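**Student:** Residue numbers (UniProt numbering): 1 to 151.
Glycine residues also receive a C-beta, built at the ideal position from the N, C-alpha and C atoms.
In this text the structure is predicted, and so the values were computed from the model without any measurement.
Quick one: this structure, given as structure tokens, is what I'll be asking you about.
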């Protein structure tokens, strides 16, 4: 397995992100979907990573810089066949390491409150993230859960 900086608009990644967006809109009301399309993940303030196994993209995640002291995790996703095999923990650990290397004091994220997102919430909590209130441009939303990890 390798985790590399990648382009969210590359053909190898695009389908994964389109599947992610489709699931988000199928699970949450449109106003509660905060996943970004590939073009927005290509913003200079966002670093996009893919997880590859023998050259095949099995997952992705991104780090957005909210300020010099605060990063946000975006678009963590694995293909279904890669779930439960440690890729998500490896990716999350990598993203936390990147945040520390950048000198962030904290890293935050938004995920869904629906049962569909329970495995993601458990992953974040296992890695030390705690539930917090909205941050950055987010607002109170019963369909969202906000997490922060102090670094």
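Report yes or no: do three or more beta-carbon pairs, one from the segment 115–134 and one from the segment 40–51, lie closer than 8 Å?
**Tutor:** Short answer: they don't touch.
**Student:** Within the segment 14–53, note down every full beta strand (DSSP E) run reaching 3 residues or more, in order along the chain.
**Tutor:** The segment 14–53 contains these whole beta strand (DSSP E) runs: 46–53.
**Student:** Does the structure place the segment 115–125 close enough to the segment 96–106 that three or more beta carbon pairs sit under 8 Å?
**Tutor:** Counting Cβ pairs under 8 Å, fewer than three are found: no touch.
**Student:** Output the distance between the C-alpha atoms of residue 67 and residue 79, rounded to the nearest integer angstrom.
**Tutor:** The alpha-carbon atoms of residue 67 and residue 79 are separated by roughly 31 Å.
**Student:** My assumption, with CB atoms under 8 Å, is that residue 108 sits in contact with residue 148. Please give the rounded CB distance.
**Tutor:** The Cβ separation is near 4 Å, so the contact holds.
**Student:** Hey, would you say residue 61 sits closer than 9 Å to residue 104, going by beta carbons?
**Tutor:** In this structure, residue 104 does not lie closer than 9 Å to residue 61 by Cβ.
**Student:** Just to confirm my understanding: we take residue 77, look at its own chain, exclude 5 residues before and 5 after, and list those with CB closer than 8 Å. What are they?
**Tutor:** Closer than 8 Å at the Cβ level, and outside the excluded window around residue 77, lie 16, 17, 19, 20, 59, 60 and 61.
**Student:** So, residue 115 versus residue 49, is the Cβ gap smaller than 9 Å?
**Tutor:** The answer is no: Cβ separation not under 9 Å.
**Student:** Would you list the residues sitting across from residue 85 in a DSSP beta bridge?
**Tutor:** None; residue 85 has no bridge partner.
**Student:** From the DSSP output, in three-state form, read off residue 109 for me.
**Tutor:** In this structure, residue 109 counts as strand in the three-state DSSP scheme.
**Student:** Kindly indicate the opening and closing residues of the alpha helix (DSSP H) around residue 122.
**Tutor:** Element bounds for residue 122: 118–126.
**Student:** In its own chain, which residues sit with a C-beta less than 6 Å from the C-beta of residue 92, not counting the 5 before and 5 after it?
**Tutor:** Here the set comprises 127.
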